[in-house]
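Residue numbers (the UniProt record's numbering), protein chains in the order written: chain R, 1 to 790; chain C, 1 to 790.
Number of protein chains: 2
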Amino acid sequence: MSDFLSDEQLEGLDAYWRASNYLAVGQIYLKDNPLLHQPLTLAHIKPRLLGHWGTTPGLNLIYTHLNRLIKQYDLNMLFVAGPGHGGPAVVAQTYLEGTYTECYPSVERDINGLVRLFRQFSWPYGISSHVSAQIPGSIHEGGELGYSLAHAYGAAFDNPDLIVACVIGDGEAETGTLAASWHSNKFLNPARDGAVLPILHLNGYKIANPTVLARISEDELSALMYGYGYDPYFVEGDEPAQVHQALARTLDTMVLKIREIQREARQPRSSEAPERPLWPMLVLRTPKGWTGPKFVDGHRVEGTCRAHQVPLADFQQPIHLRQLEEWLHSYRPDELFDANGALLPDIAALAPTGHRRMSANPHGNGGALLRPLDLPRFADYAVKLEAPGSLRAEATRVLGTFLRDVMKNSLASNNFRLFGPDETASNRLDAVYEVSAKTWMAPLEADDNHLAADGRVMEILSEQVCEGWLEGYLLTGRHGLLSCYEAFIHIVDSMVNQHAKWLKTASEVPWRKPIASLNYLLTSHVWRQDHNGFSHQDPGFIDLVANKKSDVVRIYLPPDANCLLSVADHCLKSCNYINVIVAGKQPEWQWLDIDAAICHCQAGVGRWAWASQNDDDPDVVMACAGDVPTLETLAAVTLLREYVPDLRVRVVNVVDLMVLQPSYQHPHGMSDSAFDELFTVDKPVIFAFHGYPALIHRLLYKRTNHDNFHVRGFKEEGATTTPFDMAVINNLDRYQLALDVVERVPRLRDQLQTARSRYWSTMERHKLYLIEHGQDMPEVLNWQWTPANP
Amino acid sequence: MSDFLSDEQLEGLDAYWRASNYLAVGQIYLKDNPLLHQPLTLAHIKPRLLGHWGTTPGLNLIYTHLNRLIKQYDLNMLFVAGPGHGGPAVVAQTYLEGTYTECYPSVERDINGLVRLFRQFSWPYGISSHVSAQIPGSIHEGGELGYSLAHAYGAAFDNPDLIVACVIGDGEAETGTLAASWHSNKFLNPARDGAVLPILHLNGYKIANPTVLARISEDELSALMYGYGYDPYFVEGDEPAQVHQALARTLDTMVLKIREIQREARQPRSSEAPERPLWPMLVLRTPKGWTGPKFVDGHRVEGTCRAHQVPLADFQQPIHLRQLEEWLHSYRPDELFDANGALLPDIAALAPTGHRRMSANPHGNGGALLRPLDLPRFADYAVKLEAPGSLRAEATRVLGTFLRDVMKNSLASNNFRLFGPDETASNRLDAVYEVSAKTWMAPLEADDNHLAADGRVMEILSEQVCEGWLEGYLLTGRHGLLSCYEAFIHIVDSMVNQHAKWLKTASEVPWRKPIASLNYLLTSHVWRQDHNGFSHQDPGFIDLVANKKSDVVRIYLPPDANCLLSVADHCLKSCNYINVIVAGKQPEWQWLDIDAAICHCQAGVGRWAWASQNDDDPDVVMACAGDVPTLETLAAVTLLREYVPDLRVRVVNVVDLMVLQPSYQHPHGMSDSAFDELFTVDKPVIFAFHGYPALIHRLLYKRTNHDNFHVRGFKEEGATTTPFDMAVINNLDRYQLALDVVERVPRLRDQLQTARSRYWSTMERHKLYLIEHGQDMPEVLNWQWTPANP
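So, in structure tokens, the structure goes:
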């Protein structure tokens with residue numbers, strides 16, 4: 001086969017690759033003498049050697065070749081570096097392109113800049129060894145592995161012009177999320193979305209082991225990729241010139257294939273939907289730590305997992321110093337950089353320019369592209385109610401009508417999608433199907449409903465893939481919401497952690513613009529999974545979120561549909577947060593008309609005068625957060641009205657959980673004086689809470705009256721039972737709450753015995769009825785709020 | 001092709017299948033009239049219809065055919081039901097086999113038993129709609145999806161005689177864990193381990209959508225399975241007789257293939273290791289809700305996602321009642337059960353007997369097979385130290401030598417494995433390689449180390465697959481430990497939740513025997529991931545665990561290597577817990593000799609007299625939990641000694657976090673009097689904690705002195721920096737702790753200004769040194785504990 005690249009092209013590519021590798025090694029090792037103008041001495045070497053060489057030359061090779069491709073075809077391309085700790089490579093590339101200097105002017109493109117570039121790497125107050133929010137062009141942190149491909153697809157959705165090149169490390173490829181993400185191609189519409197170009201980089205090893213995919217036969221690997229729905233291309237070698245030729249030729253073919261697929265899908269046609277094509281993907285097999293030291297202390301290093309981190313260390317041994325010097329010289333830096341440390345112009349000219357540079361692609365700083373959603377007036381979707389507790393509604397179904405029109409209004413700008421693991425309809429948001437179906441590229445069958453190639457609801461039965469898609473979509477400047485069964489959102493705990501870290505870091509990076517918030521609707525929640533049982537009952541996700549930085553997280557527990565609307569509207573307008581909304585889907589009593597709901601949600605917490613009773617100087621505060629706790633609290637109020645007619649009770653409802661924290665801990669926190677005013681400084685507070693009680697205690701442990709808070713919530717008692725019994729077995733039921741009041745209010749002490757025996761006989765009746773009838777007692781099923789006599 | 005089954009065999013299989021389907025429908029719908037001896041009326045139907053029909057007939061079909069296979073070949077087979085909510089099927093099967101009645105004698109094998117069987121299903125205080133710990137023969141909960149295949153492999157390891165039949169739902173197959181678990185075959189040694197027989201059941205739909213794998217071509221699906229390393233067999237149809245024939249023939253072929261693989265691998269051979277074979281797997285495509293109503297209210301149901309839950313509801317419509325009656329009659333119950341409700345003897349005879357019944361396989365109640373580990377004396381591995389703080393050691397490396405011999409002692413019984421996501425060596429447990437390599441079935445290459453087909457260390461770069469394997473291994477009566485980077489253990493949060501739920505439920509099931517605890521070693525922890533940076537820094541897993549039932553979870557923070565040994569020994573001996581041990585791997589000062597360590601760990605908390613000073617009536621208590629907080633606390637003590645020589649300080653170290661809770665909340669909790677004695681009732685307590693401070697506050701909010709606890713810990717400030725700076729940016733450093741003391745002890749008030757300015761100048765020096773040198777100040781690096789003058 002004749003050569004694909006001319007000698008000149010080959011030399012250029014190789015020079016660029018060498019320059020990037022040189023800069024990567026420099027970052028790992030050097031704190032001075034960046035161009036080896038003096039003989040290398042210990043004084044030039046960093047005291048702590050931290051960094052990861054192994055994946056670096058492969059990433060540099062790919063990046064360099066993609067640059068050629070971008071220039072050749074004027075591509076709009078984004079780069080996602082999946083392999084962990086690929087920092088040295090990506091930083092080197094962004095520096096060579098000039099973007100790094102544009103973002104961080106002190107890292108100039110000269111010898112001083114090189115010193116700064118090298119020194120800051122893995123250095124206190126510098127940058128980390130993996131790609132992070134600090135790196136221009138990146139939407140993906142290379143710390144925790146497994147999310148690159150889902151992020152890449154998220155970025156490609158609704159960006160028809162974009163190609164997202166996604167390098168997947170063969171270590172990362174063993175993770176669950178990555179393994180599931182390959183199927184994302186079933187949800188990518190070539191007519192409407194951009195393309196993802198997956199590059200599986202087999203360098204053969206992870207930290208300490210060979211990788212699974214590097215050690216199966218090419219036959220199996222090829223079948224696996226075909227089975228995932230790709231057309232795999234293979235490039236393999238350890239001789240640079242040969243690999244350059246093969247890689248350039250292959251990438252060229254692949255880009256033409258992508259263009260052909262897109263051309264085909266986008267041509268005017270009759271009514272038929274585009275079909276899922278066989279997208280090209282690349283398997284690139286090159287040695288780990290390629291071009292690094294072949295042997296160190298008699299052990300093979302290049303091509304083994306010994307090349308993973310720092311192949312040469314312990315510079316007390318002079319031979320290591322000489323090896324490092326040889327290694328650096330092997331890239332021939334004097335042929336790459338001028339005496340002042342600038343990249344030679346003919347090499348620099350090989351990079352794309354302006355926004356065609358992957359490090360300067362606007363999609364890599366999605367906030368810069370963000371347009372606010374055109375939200376309909378949420379109040380128009382409100383439940384109309386005459387009085388508190390006068391009707392029942394399904395909160396999420398009401399929200400669904402609002403989301404339908406959010407979707408409708410965004411159809412022109414194509415910047416909103418709804419995500420869910422097979423649960424959008426189960427979570428009762430199915431009104432959205434009136435304006436958009438679920439994305440589905442496979443041929444349709446009879447009885448298929450709400451499926452279409454141009455659907456904008458994204459459903460795959462993987463919380464992780466949904467989360468990864470949504471993150472990628474948000475990071476490239478769009479909007480979205482993920483609805484999920486509350487218990488199973490824990491599947492993405494670690495992904496949420498990492499996104500929170502990204503948001504915190506990104507907010508400290510001056511050139512990063514705010515992106516839309518990551519919005520969760522958690523429904524089918526712990527108190528209404530009575531039929532599905534214990535495995536479906538877990539309210540702990542909000543505990544995880546509450547551990548994150550207060551400027552990143554928000555937690556909302558709207559008590560009814562109108563509050564849910566108000567909260568959802570607020571979340572969809574916000575930026576740079578992780579918003580968690582917990583709301584039930586079952587028919588429940590409604591409390592606030594829309595005006596009251598708006599005021600209540602704006603305050604985040606409020607005294608419900610209509611439910612309180614002579615509460616200027618209350619005997620007790622009954623607080624509640626969450627829809628079911630609110631219901632049980634109000635039912636307890638009606639019981640107490642009957643038992644103790646003269647009780648002075650104040651009802652406080654909390655929507656925004658973070659108001660409970662002091663204002664110096666969270667921006668939403670109430671001032672101590674307002675808190676004391678609302679919750680009193682010395683009265684018992686019976687707090688009915690949606691989640692684990694400990695969360696309330698920790699949020700308010702700095703408050704004056706905290707010793708008087710008595711919190712009821714989920715105490716890990718789960719079962720297949722009835723809704724009311726779920727409250728009973730967790731001591732959150734109305735009878736228990738009423739008893740709690742009697743127990744805690746000193747002036748009711750003489751009624752305690754009566755109240756207790758009344759409680760126990762009620763519980764006995766409850767249990768007997770439950771076992772006999774399999775459902776809740778009529779007085780529970782038929783309970784309805786009635787206002788007290790004036 | 002001639003028929004595989006004789007008419008009689010076919011009839012028998014079909015009758016058994018009909019019987020199980022009948023019982024499943026009965027469970028979902030009926031509370032009375034179980035054999036339709038009277039015409040069906042509303043009074044016979046449950047008031048709340050809960051359950052999942054869709055997956056049921058497929059599971060029943062597979063189970064019935066596996067029974068035939070077991071009898072034919074006298075197989076030792078375990079059944080793992082992956083599809084969610086397969087409860088009605090598996091319960092029906094266990095009832096038909098008699099096991100259900102053996103476990104729950106009130107559910108007799110007669111008409112009264114049938115009423116109880118039906119009624120209890122999805123009924124308060126009954127059983128759930130998915131397979132749970134209550135179901136005989138099960139090791140896998142069908143609630144949260146995705147873990148069946150990893151559980152199955154875990155069960156098969158070291159059980160050479162066992163075949164684990166694992167049904168994978170096509171919904172479940174979309175999850176990350178499941179997608180990654182297929183590669184488990186690379187870690188299964190046919191000579192030593194049993195077999196897994198994966199059955200991918202394509203019924204085409206999940207809750208509300210078609211499934212991905214049901215809608216790709218057979219060509220792609222077949223390639224996918226081959227790519228995963230399997231030899232796929234396909235059976236498809238919707239005509240029972242044809243499917244029975246094809247399924248029986250195919251399963252027969254597959255079992256013979258498994259036997260052939262095992263025979264080949266197990267024959268005496270020269271020295272060569274067995275190779276990974278191409279294991280057979282089955283793709284079974286049958287309609288969702290097969291044999292159920294074909295149409296309801298004009299909509300197609302069988303073969304669509306409308307069959308997912310309860311295909312017929314709203315029995316106010318008389319036609320639905322008639323349809324249900326016809327549906328039940330379609331199984332011809334009078335040909336299956338006698339007038340008293342017993343299964344006819346010739347049908348019953350088709351099931352295996354005794355322990356060959358999958359519901360009575362001892363591996364399904366692993367605790368019954370559990371043998372305690374033969375643990376070496378852990379004290380023999382202790383670090384010898386003359387005095388506290390006299391030397392440094394790497395705690396996990398010391399533990400590694402103990403684990404090496406745990407492994408060694410278990411080689412004969414083959415009942416211990418070590419699991420880790422590519423981190424065993426990085427976590428410095430590599431001494432185990434002296435006695436056992438990592439399991440690796442692929443051909444070895446030059447420079448491959450510690451890899452062997454008979455290795456007992458399990459490494460795949462998926463925390464989820466490791467977790468699933470270990471759970472399956474434990475649930476079938478063996479022992480193990482999973483080591484993981486602390487931050488990334490969040491990847492398995494939801495799996496841990498589900499295992500905790502399993503343990504809680506199982507402990508309430510009288511016939512379930514205790515299984516070995518699920519042991520985690522979390523290392524490479526938040527305070528020593530300074531070089532890897534923020535993405536690797538998260539101590540929140542213990543918060544998640546602390547939310548679980550107190551009789552299930554234990555959290556240990558050993559301050560040094562000897563304490564780690566003691567704690568690890570304790571955990572390896574324990575049953576039915578989730579034990580989380582957090583311990584660093586870096587060289588750190590050692591505090592307790594082994595005798596002191598044993599006493600300290602047994603108590604879980606202790607006053608360290610050697611570090612305290614005139615502490616009978618202390619000015620302040622300095623408490624610490626975790627290795628780094630302990631180091632910083634002791635360093636603060638030496639600083640304070642210098643600043644305030646007459647300070648009376650008591651040092652308390654906490655190993656077992658649960659001692660902080662009141663004894664009525666956790667069995668390890670200290671009594672209030674002991675707590676008050678140790679922590680005082682009125683003195684300031686400066687508590688240096690490994691994790692998020694809120695966890696300490698919530699554990700001790702019931703304690704007398706809780707308002708005086710001032711907790712320092714991780715406050716989500718992460719960076720690529722130095723170890724000491726990590727403490728500084730989170731205010732956990734020695735200088736801050738010392739300042740905290742000065743601030744909190746009333747009699748030191750007049751020294752506060754001096755102390756503060758001293759603190760600020762130290763911090764300035766710290767920061768300058770850090771930026772200049774990239775490492776910590778000499779006084780930090782060289783700090784060593786010195787006892788106070790007597």
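Every residue, glycine too, gets a C-beta built ideally from N, C-alpha and C.
Item to complete: Entirely within the segment 256 to 286 of chain C and at least 3 residues each: give me those beta strand (DSSP E) ranges in chain order.
Response: 279 to 285
Worksheet item: What are the residues of the segment 203 to 237 of chain R that lie near chain C, defined by any Cβ-Cβ distance shorter than 8 Å?
Response: K206, I207, A208, N209, P210, T211, V212, R215, I216, E220, L221, S222, A223, L224, M225, Y226, G227, Y228, G229
Discussion item. Can you list, in chain order, the residues of its chain with a C-beta nearer than 7 Å to that of A156(C)? Leave out the 5 residues immediately preceding and following it.
Written reply: L162, V164, L188, D193, G194, A195, V196
Worksheet item: Under 8 Å between C-beta atoms, does R249(C) make it to chain R?
Response: no
Worksheet item: Which one or two residues does DSSP pair with P416(C) in a beta bridge?
Response: Correcting the residue identity first, residue 416(C) is Phe in this sequence and not Pro. Looking at the DSSP assignment, F416(C) forms a beta bridge with H479(C).
Worksheet item: Got a sec? Which residues, its chain only, sit under 6 Å from H52(C) by beta carbon, not counting five neighbours each side?
Response: H85, S129, Q309
Worksheet item: Is the Cβ-Cβ distance between S566(R) and S517(R) less than 8 Å?
Response: no
Practice prompt. Compare the C-alpha of H355(R) against each of G26(R), K71(R), V780(R), P274(R) and name the closest.
Written response: K71(R)
Item to complete: Count the other CB atoms, across all protein chains shown, that sit within 10 Å of the CB of V681(C); report buried if there are 16 or more and exposed otherwise.
Response: exposed
Discussion item. Taking the straight line between their C-alpha atoms, what separation do you get for S524(C) and A583(C)?
Written reply: 8 Å
Discussion item. Would you say the beta carbon of S181(R) is closer than 7 Å to some non-hydrogen atom of the ligand ATP?
Written reply: As far as ligands go, the structure on display features none, and thus does not contain the ligand ATP.
Worksheet item: So C305(C) and Y205(C) are in contact, right, with Cβ under 8 Å, and what is the actual spacing, rounded?
Response: 4 Å
Fill in: Complete runs of the alpha helix (DSSP H) confined to the segment 94 to 122 of chain R [at least 4 residues]
99 to 103, 111 to 120
Worksheet item: With 16 other CB atoms within 10 Å as the buried threshold, where does A360(R) fall?
Response: buried
Fill in: Span of the alpha helix (DSSP H) around T754(R)
752 to 773
Discussion item. Considering only DSSP beta bridges, list what F295(R) is partnered with.
Written reply: R300(R)
Discussion item. Report the CB separation of A241(C) from L10(C) in whole angstroms; it is logged as a contact under 8 Å.
Written reply: 6 Å
Worksheet item: For I491(C), which residues in chain R fall below 7 Å Cβ to Cβ?
Response: S494
Item to complete: Buried or exposed for P274(R), please, with buried defined as at least 16 other CB atoms from any protein chain shown within 10 angstroms of its CB.
Response: buried
Worksheet entry | Residue(s) in a DSSP beta bridge with L35(C) | DSSP lists no partner for L35(C).
Worksheet item: Cα separation between I261(C) and E445(C)?
Response: 24 Å
Worksheet entry | Selection from Q590(R), V212(R), D543(R) that minimises the alpha carbon distance to I696(R) | D543(R)
Discussion item. Using the Cβ count rule (16 or more neighbours within 10 Å means buried), how would you classify D297(R)?
Written reply: exposed
Worksheet item: Exposed or buried, what is Q38(C) when buried is set at 16 or more other beta-carbons lying within 10 Å of its beta-carbon?
Response: exposed
Item to complete: For residue 800(R), decide whether its Cβ has a neighbour in chain C, counting only Cβ atoms nearer than 8 Å.
Response: Outside the displayed span of chain R (1 to 790) sits residue 800(R), for which this structure offers no information.
Fill in: Contact the segment 115 to 135 of chain C vs the segment 455 to 470 of chain C: 3+ CB pairs below 8 Å
no
Discussion item. Distance check for E220(R) and V212(R), CA to CA, integer angstroms please.
Written reply: 11 Å
Discussion item. Under DSSP, the beta strand (DSSP E) around A650(R) begins and ends at which residues?
Written reply: Checking the displayed sequence, the identity of residue 650(R) turns out to be Arg instead of Ala. Counting along the chain, the beta strand (DSSP E) containing R650(R) begins and ends at 649 to 654.
Discussion item. Taking its Cβ as the centre, do 16 or more other Cβ atoms sit within 10 Å of E677(C), making it buried, or is it exposed?
Written reply: exposed
Worksheet item: Looking at the C-beta of R392(R), does it have a partner C-beta in chain C at a distance below 8 Å?
Response: no
Discussion item. I need the straight-line Cα distance from L739(R) to D672(C), nearest angstrom please.
Written reply: 26 Å
Worksheet item: Can you name the start and end residues of the alpha helix (DSSP H) that residue 794(C) belongs to?
Response: Beyond the ends of chain C as shown, which are 1 and 790, falls residue 794(C); an answer cannot be given.
Fill in: Endpoints, beta strand (DSSP E) assigned at W589(C)
587 to 589
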